[in-house]
Structures are given as structure tokens and as C-alpha cells.
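Numbering (my numbering), first residue to last: 3 to 818.
Here you go:
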């Protein structure tokens, strides 16, 4: 090889080595502006700049464009409308004692009140980044507003939190990007680098300004430094390991980064050796990174028992916060927590109470009834110092636990109207949804929510609109009470129609809430009942039930409907599932069985009482009774009725009720027993007194209460109704026309059917009453406040009560 060729090769190698060992980076900023919805960059080419740098010997030119790393408001809203969901479905734990009982046979969308599994963590530094990226010229009307919440506000209540949490506002003095790149270069040249040096380099890089960290994260030497840190994991001290993790947070390391899995394993191995504050700080750093670490949290729970005596109020609240954000809380930990919460309850401040409630809600765990009431008692004391977010957190836990804390609910009557103008949509939605879940209707609270909701449909998610419509419909708030509420949210549903492909349950929830108050938007109903939408929900039984309820409602309340209907095959499938459940659950309730038995005793046997779902799409059963115009019962048992009593074919049932020697004949003696303590003996005819009652003997008890004491007043009118004998009208020889049959639907209601402490039916049951009337039925209600006490009384009293109910309903219908 010639000397000239050797000289050229050596020069090339020298230049190449210099470019690797001594890089000089020049950061170039590309300004960006919005034009027609797109980012327009300056017309400088990165390739040209790099080539120019190579030719002039100035090193590499790194292009930095802030718009490439931060979402605009429009992009942020698009992400929110994507697969990220704040709350997922979950089965609520039914309450005990005097709490509002959960109803396991309700509309599916009302049961799934769900908790957060949101990938967007709502951290303080995330909000700052979002704010920096929200500088586009788009009008605010086109995107969702940012939610006014701070899940970490409680950490500002006490200085002690600084020892166990990461505070984004407390950053060390910043270094320049050139110093950071120099550190990487120095680390690359070092041989046999030890744990202390690795920790030093990474911690120093963590001092970079947030907008400059992207340059370091993309550098190959940084990846080499991470590999060195993994090789020295076991050699780090506890403090060094924690500081490295803190630097990862400051550098904005992706929570998907593979190196973090190894760090989690190392921290999990060391949990038994670390102090309480260190354990909580590590958990908080993982939270700030946005990485789920179930292995570490499980180890934390295992070793927390030895630290219980060290837990003061800040340690307790931070631990509950960590459990909530990790969505896990073992049963043995919950038992320990309840005692600690009760011990420090009076020391908790407003935001700390809200944080505890939110943590318990997110873990899908609740305290015992007594402890839960004491926790909400404390919330009542500190409510004035609580933020709107804290109040909503208390509501979430009450909704999950079905706790009817009357003092807190009454406090809302003054707090919500005062706070509503400043509250975000989601906060108002959660308040209304909790009131709905507890069946608590306070018009002052609900109308304040309706009045202060934003007026632009674009400011809602479909989920917000759906749950608000459901809550107001379930509590029976009519469109006339808030004229702009229903049209505004219905327009929101139309505006968010594209979201229903990802979240079909929101459309069904909203349409059912509208149906409760008699609102039927035809375009949205056509969408919900379309074959495409129906096929989308066929794999989800709860959504099929909701769709079945909606389809049945359309059939009854919109007789002129010409739009699509639910597939008959799916109707049969859902009907069978509902009836199977009803037979195993609803039909076996003691109050229903007793009502059925008394009706059979009163009317003459099983053929005259049919226990079934008159309206299958309403998911509840009725005791169906038929009578002719004269008040005689007619058989309704399905098979026998079809074969023996078919007026259209001329066949009639051969027996008159009064000729069957079954049922109850009310004589002087029986009425004396019924009115024993009322102080009077009604006059009855001699003909009646000569008849003997055909029923089981009634044992007279000297301690027996009168019917008057349970709310059934035996007045003269009631006695007349009880002793009324319909005019003898034998059905021998002629048939009763089908149109003349009086159809009665006997319903045994429970507390779940009514708004809290009222006799106002909730949305689903009010709609059922309306539809039964449209179907030609007269409802005979056995309300729980009358029927349940009678279950402890004599059969004669139950017979008299139902006799009165039946014939008073029959007479009122006849007068019409």
C-alpha cells in the first residue's frame, strides 16, 4: 500500500474517532404553529443541518420541536375519547343494616358504577406538561375542559409528607444539556464503573430541565448507563437505589421501559429491610412513573404489619393512597387499617378524609358500617375545608358502600348549590350519580347540578351525559323541572355518537334514563336497535338485558314505531335468562311466597293466581289475577286457562266463585277478631252471620295488636269493602268477553323500589307502572311498609288486607 493511501486511512480513522469521543451537540429549535389543524414547521431540513455540521466540523445538530412531545388540547381530547376509561364496571358490595340495600336485579348499567382503571394518572407533572402543550389556537369549545382535580392535594396538608412523597415542585438546581451530554461521554469512557458512580451520573442527569430530557433519553450512551445500573443493582445502597428511581421520574422515563421490571424486583426483595418512609416513598415514585407494580405493593402489604405502630395520620393517608392507586388491598391489611383509621380519625384534615375515601373506593373495599359512619361523621365536621374533589371522593365511597348517612346528605343541600358554579362536569356527575345510587332525591341539589352544567355539548364525555341522564331519570326529575337539561344532554349524545362504538353501554344507559321520564329520541333509539349495534353487544349479557328493556319499552310506549327492533332470537335468549334468575331468586322471597299463598287461599286455589313476568323486559315478577265485571275471580294459570276458559271459542269455566266453597267468608266472629281492639262490632246481615267461615281456625291472642296499629285503619268504608258481596251473576250459560276481563297485577314492593324515605317510585318501577297501565293492567300494590309488618300477624289479618286491596282496586276501575 502506498504512503499516500496509508495517510488517508489514518486521517479517516482519526476523524471518525474524534466524532465519536468528542461530540458537540447543537440543539436546534423548530418553531411550530397551527394552520388548518396541522403543525407547520419551519422549512429548515434536519438532513441539511446535519450535513452542514459534518462538513464544518461543528458536530451533530439535534432537532428539537416541542410540538412533537406535548399534546395539543385537541390531541389530548382525542386520547380521552380513545380506549382510556376512568371507571370500569365492578360489582358493588351490598350494604347491611339500615343502609340502602343494593338491588341485584336492577338495570345492568345502574349496577356497574365502577371505579378507575385510568391510564392517564392525573399527576401534577402530567398536568403541567399538558398545560404547556395546550397552546394551540383552537377554540376551547371544541375539546373537553380539563378536570379540576388534584389527587395529591392532601400531601400539602402536613410537612411530614415530604419524607415519603415525590414533590414535583422541589427540583434541584438545573444543569444545561451540554453538561448532561458531557456526563454521558464521561460515563462511556470509564472502565470498571461502580455503583456509586452510576448512581451519581444518573442523579446528575435527573437535574436537566424537563424539556431537555428527551435528548438524553434518546442517546445511546444513556442506554449504556442504564445497563451499567442493572449490573450494579445489588450493590446500590437503599438510599442510592431510591435516588436513582427519583432521577428516573425527573427524566420522564417511560413506564414501559424494560429496565424498570428489574428495579421493581430489586425493590421487592428489599422491602423487609427498608424503613416505613422509604417504603412509602418508593411506592409514590412508582406511582409518579405511572408504572403498575403489583409485586412491590404485595410485598409492601406483607411487611407493613411491623410498621403499624409507626403510622401517624400522614403515613396512614399516604398508605391508603398507595393502595388505592395500585387497586389492591388484601383483607388482612384492611382489618388493620380500620383500627388505625379509627385511632387517628379526629386528627384527619379535610383533604385527608377525602383521600382515605378515594383510596378505599379505588380498592373496592369498605370499612364496617360503624367505622364508615364515623368516617363520614368526620367529613361532616371538616366539610368546609374540603375541596370539591374531596367532597366527590366521599360521595364515591358512599355510593360504593350504599351508606345512607343522612347528616352528610343534608349537608349537601347547602354545599352543592354553593359549589356547583365552580365544579367541573365530572364532579357534578358523580354527585348526581351517588344520589341516584342511594335513591336520595333532593331537588335543591339536583336542580343546582342541572343549572350549572356547561351548556356546550363538546364539554362532556358521552359517559358524563349518560350517567347524568340515568341519575335524573332514576330519581324522577321531570323535563318540566329543568327544561334545558334533557335537550342539552341529548344533543351531547348526538355529538359523541362516534364514542358509542367503543362504549356502547353509555348509549343504553342514557336512553334508559330518558325513557324513565318519557323521553324517546327516535334517531338515537334507531341507532341502539340497529342490527349493527345489536351485534356489537351480543357478547355482553348485561348490555343485552339493557337493550331488551329498551326494546320492550319501545314496543309498548311507541305503538307507531317503524324503526328497527331487537332480534327475536336474542329476545328469547334474554327472556329465558331473566326468568331462570327470577325463579331462583325473586320468586323465592318470603314476602312474595306469602302473598301468593294468601291470594290462592282468598281466591280459591292455584288456578286463580299466576306468578310470572307480565312485562319480561322489566326484569321483575307480578302476581296476575283476573276478574269478570261482577268481581268473580277467573282462572289465569296458563295451561288450564287456555284450555278451559277461552271466551272466543265459547268455552267457559263452570264454577262461580261463590259456589266453590273455597276462600274466606267473613262472619261476625271473624270481624270481631279482626276489630277486637278497635272497640266496635260492625253490624252484618243475618244471612251472613248464619254462614261459617271456611278457613283455618284463628287463635285469639290476648297480646295481639289491632290492624290499626300497623297502618290499616278498619273504618266503616273498609268494613264495607271487606264484607261486600258482589251481586250473584253466574257465568253458567254465557261467556265473558275478553275485553271485559279485569286484569290485576299484584306487586310486592320493597324499599329498593322507592326514593329514600319517600313513597316515590324510582325510574324503572315508575316506568313499569306506566307500561302496565298501557298494557291494560291495574296495579295492586302491597307496599313494604304495610305488607312486611303483616307477615308477623295472623292469616286472618293478611286475608282481610289483601281482600281490601283487591276489591278497592277493582271498584275504582269499575267506576272509571
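No residue lacks a Cβ here, since even glycine has one placed at the ideal position from N, Cα and C.
In this text the structure is predicted, and so the values were computed from the model without any measurement.
Between which two residues does the beta strand (DSSP E) carrying residue i extend?
i, result
"residue 629", "624-629"
"residue 461", "Where residue 461 is concerned, there is no enclosing beta strand (DSSP E), given that its DSSP letter is neither H nor E."
By Cβ distance, which residues of its chain are closer than 6 Å to residue i, with the 5 residues on each side in sequence left out?
i, result
"residue 414", "447"
"residue 381", "355, 396"
"residue 431", "466, 469, 470"
"residue 473", "434, 435, 438"
"residue 442", "411, 758"
"residue 211", "176"
"residue 342", "313, 318"
"residue 222", "none"
"residue 291", "251, 257"
How is the alpha helix (DSSP H) around residue i delimited, first residue to last?
i, result
"residue 578", "570-586"
"residue 749", "Here residue 749 belongs to no alpha helix (DSSP H); instead the beta strand (DSSP E) covers 744-750."
"residue 563", "From DSSP, residue 563 is part of no alpha helix (DSSP H); its letter is neither H nor E."
"residue 428", "427-439"
"residue 215", "215-219"
"residue 446", "445-454"
"residue 304", "296-305"
"residue 526", "524-530"
"residue 355", "352-364"
"residue 607", "No alpha helix (DSSP H) holds residue 607; DSSP gives it neither H nor E."
"residue 346", "333-346"
"residue 424", "Segment: none, residue 424 is in no alpha helix (DSSP H) and carries neither H nor E."
"residue 265", "261-272"
"residue 284", "278-291"
Can you tell me which of the options puts its alpha carbon nearest to the alpha carbon of residue i?
i, options, result
"residue 742", "758, 756, 759, 630", "630"
"residue 270", "380, 523, 299", "299"
"residue 627", "324, 169, 804", "804"
"residue 778", "762, 348, 363, 745", "745"
"residue 780", "771, 788, 787, 786", "771"
"residue 593", "791, 806, 297", "791"
"residue 624", "774, 476, 398", "774"
"residue 388", "352, 562, 373", "352"
"residue 436", "457, 425, 461, 403", "403"
"residue 293", "276, 328, 315, 273", "328"
"residue 507", "550, 341, 154", "550"
"residue 347", "318, 796, 178", "318"
"residue 569", "556, 458, 537", "537"
"residue 494", "517, 477, 519, 523", "523"
"residue 477", "514, 204, 598", "514"
"residue 787", "776, 756, 596", "756"
"residue 749", "784, 219, 583", "784"
Per DSSP, residue i forms a beta bridge with which residues?
i, result
"residue 177", "210"
"residue 197", "Per DSSP, none; premise fails for residue 197."
"residue 612", "626"
"residue 779", "745"
"residue 756", "763"
"residue 635", "629"
"residue 784", "750"
Assuming the contact rule is C-beta atoms closer than 8 Å, residue i and residue j should be a hit. Round their C-beta distance to whole Å, please.
i, j, result
"residue 440", "residue 470", "That belief does not hold up - the Cβ atoms of residue 440 and residue 470 are roughly 16 Å apart, past 8 Å."
"residue 450", "residue 418", "5 Å"
"residue 362", "residue 322", "7 Å"
"residue 475", "residue 765", "5 Å"
"residue 616", "residue 747", "6 Å"
"residue 340", "residue 370", "7 Å"
"residue 611", "residue 598", "6 Å"
Beta-carbon within less than 7 Å of residue i's beta-carbon, same chain only, minus the 5 sequence neighbours each way: which residues are those?
i, result
"residue 175", "209"
"residue 287", "168, 247, 248, 251"
"residue 521", "481, 488"
"residue 171", "none"
"residue 577", "618"
"residue 365", "325, 326, 329, 330, 331"
Measuring from the CB of residue i, is there a heavy atom of the ligand FMN at a distance below 6 Å?
i, result
"residue 490", "The ligand FMN is not part of the structure shown, which contains no ligands of any sort."
Apart from the five residues on each side of it in sequence, which residues of its chain come closer than 8 Å, Cβ to Cβ, to residue i?
i, result
"residue 338", "306, 307, 310"
"residue 782", "627, 746, 747, 748, 749, 807, 808, 811"
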